[in-house]
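**Q**
Numbering (my numbering), first residue to last: 1381 to 1710.
Printed below as a string of structure tokens:
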């Protein structure tokens, strides 16, 4: 099969040309058009390798489409997989929460079901994309380390991120943003929110640092890719680098993003924040350089708008974004 008239996304550039495929594999490409009559006209479209999605926590929405509504696991997995492939994603790290800021959430209830569904559908060969696991560890929680130790040996685990969403730091340095988000999410009165905030700070003081150090050590031992999350200061970045982080998820300040890059960490940003110009917590994406992007909580169709936004609005070049898949492989 030969495809003419396409924009080929190469390692460092995008070129107009043609591509030849033999037995399902790329055989050759050229910056010219084939004259063979059987060549397919690509109509000027973009032709690129399948994308690797490093962080999407959308799987749980298929398992619980509404609060307290459970959906059959394989049907939920099939719908999620179809959405990935339709968006050009051929390898997806399904991000599942380990620990939570509050007991009794749907994510923890669905945790085992989601992981089992990923493993079973992969073994049966029914997925069109390859699905791996990204364990998102909420550090200020007493259940986090036991859950992590139970799950880290599962075969699909390819990435671990260390999160701390407690008030007064990182994503929620502005505590009013913390209150706005969690009070709205859990429908708390002012008094209930005051107690919730105090409880979260106490949990963070007890569990965050011990869990951070222990989980990072396990990842180093097992050679699992480790990611920081919401680093806000250079000190955060230095600690993350020393712990072995190779990815910096969503640094919340330009200083942290620059420091992450200087320490050799690959900076990952959310496509929704690029499109919207900021996150729900009030932080803004850094501009002028080239991160990896992911679609995190939104529909994956946010990725193309983030790639093709004008240079003045988007912090990356199209070629850089679309070739980011080469940095990580399993």
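Even for Gly, the Cβ is constructed at its ideal location relative to N, Cα and C.
Quick caveat: nothing in here was measured; it's all calculated off a predicted structure.
For the candidate residues 1401, 1645, 1528, 1409, whose alpha-carbon lies nearest to that of residue 1388?
**A** 1409
**Q** For residue 1398, count neighbouring Cβ atoms within 10 angstroms of its own Cβ and tell me buried if that reaches 16, exposed if not.
**A** buried
**Q** Where residue 1588 and residue 1392 are concerned, what is the direct C-alpha to C-alpha distance, given to the nearest angstrom?
**A** 40 angstroms
**Q** Check whether the Cβ atoms of residue 1440 and residue 1381 lie closer than 8 angstroms to each other.
**A** no
**Q** Along the chain, which unbroken stretches of the alpha helix (DSSP H) at least 4 residues long are found entirely within the region 1522–1589?
**A** 1524–1531, 1555–1566, 1570–1583
**Q** Who are the near neighbours of residue 1517 in its chain, counting only those whose CB is closer than 8 angstroms to its CB and skipping five residues on each side?
**A** 1478, 1479, 1524, 1528, 1540, 1541, 1542, 1543, 1591, 1595
**Q** Quick check: what's the CA-CA separation for residue 1613 versus residue 1636?
**A** The alpha-carbon of residue 1613 is positioned some 5 angstroms away from that of residue 1636.
**Q** So if DSSP puts residue 1510 in a beta bridge, which residue, or which two residues, is it bridged to?
**A** 1471
**Q** Given residue 1445, which residues of its chain have a CB within under 8 angstroms of its CB, disregarding the five upstream and five downstream residues?
**A** 1451, listed in sequence order.
**Q** So the candidates are 1639, 1581, 1583, 1578; which of them puts its Cα closest to the Cα of residue 1608?
**A** 1639
**Q** Return the residue from the list 1559, 1583, 1526 that minimises the CA-CA distance to residue 1572.
**A** 1559
**Q** Residue 1625 and residue 1645: beta carbons closer than 8 angstroms?
**A** yes
**Q** Given a threshold of 16 other Cβ atoms within 10 Å of its Cβ, counted over all protein chains shown, does residue 1575 qualify as buried or as exposed?
**A** exposed
**Q** Is the CB-CB distance between residue 1384 and residue 1413 below 8 angstroms?
**A** yes
**Q** Express the C-alpha separation of residue 1629 and residue 1438 in angstroms, rounding to a whole number.
**A** For residue 1438 and residue 1629, the distance between alpha carbons rounds to 17 angstroms.
**Q** Who are the Cβ neighbours of residue 1692 in its own chain at under 8 angstroms, not counting the five residues just before and after it?
**A** Residue confidence for residue 1692 is low, a pLDDT of 47 falling below 50, so the modelled location carries little weight and cannot support an answer.
**Q** Answer yes if the region 1551–1569 comes into contact with the region 1530–1537, meaning at least three C-beta pairs across the two stretches below 8 angstroms, and no otherwise.
**A** no
**Q** Compare the C-alpha of residue 1600 against each of 1547, 1498, 1620 and name the closest.
**A** 1620
**Q** Buried or exposed for residue 1550, please, with buried defined as at least 16 other CB atoms from any protein chain shown within 10 angstroms of its CB.
**A** buried
**Q** Starting from residue 1617, trace the alpha helix (DSSP H) both ways and give me its first and last residue.
**A** That run of the alpha helix (DSSP H) goes 1614–1623.
**Q** Where DSSP assigns a beta bridge to residue 1608, which residues make up the other side?
**A** Residue pairing from DSSP places residue 1608 in a beta bridge opposite 1628.
**Q** Check whether the Cβ of residue 1491 lies closer than 7 angstroms to any heavy atom of the ligand GTP, and answer yes or no.
**A** Although the ligand GTP was asked about, the structure shown includes no ligands whatsoever.
**Q** Under 8 angstroms, with one C-beta from each stretch per pair, do the region 1502–1510 and the region 1560–1569 reach the 3-pair mark?
**A** No, the region 1502–1510 is not in contact with the region 1560–1569.
**Q** Pick helix, strand or coil for residue 1461, following the three-state DSSP scheme.
**A** helix
**Q** Tell me which same chain residues have a C-beta within less than 6 angstroms of the C-beta of residue 1464, skipping the five on either side of it?
**A** 1472, 1509
**Q** Excluding the five sequence neighbours on either side, which residues of its own chain have a C-beta within less than 6 angstroms of the C-beta of residue 1497, listed in chain order?
**A** 1453, 1457
**Q** Using the Cα positions of residue 1490 and residue 1443, report the straight-line distance between them to the nearest angstrom.
**A** 7 angstroms
**Q** With distances taken from CA atoms, which of 1461, 1406, 1584 is nearest residue 1474?
**A** 1461
**Q** Please classify residue 1548: is it buried, with 16 or more other beta-carbons within 10 angstroms of its beta-carbon, or exposed?
**A** Exposed: under 16 other Cβ atoms inside 10 Å.
**Q** Based on the DSSP output, what are the partners of residue 1649 in its beta bridges?
**A** 1673
**Q** What number of angstroms, rounded off, separates the C-alpha of residue 1492 from the C-alpha of residue 1416?
**A** 53 angstroms
**Q** Got a sec, what are the start and stop residues for the beta strand (DSSP E) residue 1392 sits in?
**A** Per DSSP, residue 1392 belongs to no beta strand (DSSP E) and is neither H nor E.
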